[in-house]
Amino acid sequence: MSERKKIINCNVTDPNKILPFQYPWARVHYKTGVANNWTPEEVPMQQDIELWSKQGEGALTEEERRMIIWNLGFFSTAESLTANNIVLSIYRHVTNPESRQYLLRQAYEEAVHTDTFIYICDSLGLDPDEVYNMYLTIPSIKEKDDFVIKMTESIMDPQFQTDTVENIQKFVHDLVGYYIIMEGIFFYAGFAMMLSMLRQNRMVGVGEQFQYILRDETTHLAFGADLINTIVEENPEIWTPEFKQTIIENIKKSVDLEVAYAQDSLPRGIMGLNTEIIKEYVEHIADRRLERIGLEKLYGSNNPFPWMSEIVDLKKEKNFFETRVTEYQTGGNLDWD
Ligand SMILES: [Fe+2]
Ligand SMILES: [Fe+2]
């Protein structure tokens, strides 16, 4: 490895000198993000509006409504929490220019996601005071947010510097909280629930928007894991058995919180979804996250939702929107023009 490379504490290179690139992967993630550009208004909400207000046959059940509202409540505030984390703490410490270019792109995507929940609330006529307070009023949502806030509090301190082994460990610990736990685990029971709904042709506009958010979050997570792995590679002394164990314990705890959230969102199970299946899925993705940052998997659970990976793979399609339209038109459930 070249002596010059340093993704944090970039006192050896000029943070404005982006060329030549030192971390080509950061550039690839940036380009992927740009290629996946979308805005919530591109997704028609008419069918959702009709279904949301429908009574009688074919109307949403109480269970379906609870699941939708719980997920809107969690995501509506989690998206801006993530955006704040990037801008207020991560950006200051990740001084490499091409990584910062990616962080600016990610911050923009989080603004699009925040905008998505404003658009959904407006379209469905939801009470913003209810939805945007659920991170305080619903314990299973509050516990997830509190866990991330607590886990990442050290680098929110304006005096924090990544200048010692202990502080670099703190930084990586907090990056695991932001990227691996918040974006890589806490979003995923919600993704599975909302995309199952889309597969049943229920709330198709909201479902499509969750599909695009999932596609974006896959890139956020990939960047976060590459960032964590690079810091560890450049500072191998931080990667002690005790430190790895702390990270593993945090991931385990996050799986428990995510399963509790799924149980609370969907207490009786619907559409072939229940807490057991979601637990298996969350464990499966937690194993993948652990392996992605060089740790051993913990659960060995199978993926009960292979179709979720197919959705992520849609990003490989060159013309994503055309592909999507064709697919939905074949299914006869989306009027796109
Ligand atoms: Fe997001
Ligand atoms: Fe994100």
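Position in the sequence shown (from 1) plus 836 gives the number in our numbering.
Glycine is no exception: its CB is placed at the ideal position from the N, C-alpha and C atoms.
Keep in mind that this is a model prediction, so the values were computed, not measured.
Asked	Found
Any non-hydrogen atom of ligand 1 closer than 7 Å to T918 Cβ	yes
Beta-carbon proximity check, N845 vs T998, cutoff 8 Å	yes
Given V967 as reference, the closest of I904, P994 and S925 once Cα atoms are compared	I904
Nonlocal neighbours in the same chain, by C-beta distance under 6 Å from L908, ignoring five residues either side	V967
Sequence-ordered residues whose beta carbon comes within less than 5 Å of a heavy atom of ligand 1	E915, E946 and H949
Buried versus exposed call for Q1005 [16 or more other C-beta atoms within 10 Å across all chains shown]	buried
Per DSSP, cross-strand counterpart(s) of I844	V930
Span separating the alpha-carbon of E1078 from that of S916	32 Å
Beta-carbon spacing of D963, I991 below 8 Å	no
Contact the segment 859–868 vs the segment 1048–1063: 3+ CB pairs below 8 Å	yes
Residue ranges of each alpha helix (DSSP H) within the segment 881–917, 4 or longer	882–889
C-beta atoms of T913 and Y971 nearer than 8 Å	yes
Nearest-angstrom Cα separation, counted from A871 out to K1152	Residue confidence is low: K1152 scores 44 on pLDDT, short of 50, so the model does not pin down where it sits. No coordinate-derived value is stated.
F857 classed as buried or exposed, judged by whether at least 16 other C-beta atoms fall within 10 angstroms	exposed
Reduced DSSP category for K1152 - H, G, I as helix; E, B as strand; rest coil	Unreliable positioning characterises K1152 in this predicted model, as indicated by a pLDDT of 44, which lies under 50. A coordinate reading is not provided.
C-beta atoms of P880 and G1043 nearer than 8 Å	no
Cβ-based burial, A895 [other Cβ within 10 Å; buried from 16]	exposed
Near ligand 2: H865 beta-carbon under 7 Å from a heavy atom	no
Buried versus exposed call for E941 [16 or more other C-beta atoms within 10 Å across all chains shown]	Position check: residue 941 holds Arg in this sequence, whereas Glu was assumed. It is buried - the Cβ of R941 has at least 16 other Cβ atoms within 10 Å.
Collapsed DSSP secondary structure at I1129 in the structure displayed	coil
Under 8 Å between C-beta atoms of K980 and F1022	yes
For I1106: DSSP bridge partner residues	L1109
H1056 Cβ short of 7 Å to ligand 2 heavy atom set	yes
CA-to-CA distance, N1110 to E886, given in whole angstroms	26 Å
C-beta contact flag for V923 and A943 at 8 Å	yes
Counted within 10 angstroms of its Cβ, other Cβ atoms place L1063 as buried (16 or more) or exposed	buried
Unbroken stretches of the alpha helix (DSSP H), 4 residues or longer, contained in the segment 1068–1099	none
Three-state class that DSSP yields for K1006 in the structure shown	helix
Continuous alpha helix (DSSP H) stretch holding M970: start and end	M970 to T973
Buried/exposed call for R1038, threshold 16 Cβ in 10 Å	buried
Check: F1053 C-beta below 7 Å from any heavy atom of ligand 2	Sequence check: residue 1053 is Glu here, not Phe. True, at least one ligand heavy atom lies under 7 Å from that Cβ.
Counted within 10 angstroms of its Cβ, other Cβ atoms place R1125 as buried (16 or more) or exposed	buried
Between the CA atoms of K890 and K842 - distance to the nearest angstrom	57 Å
Beta-carbon contacts of Q883 that lie in its chain and below 7 Å, excluding the five residues immediately before and after	V1040 and G1041
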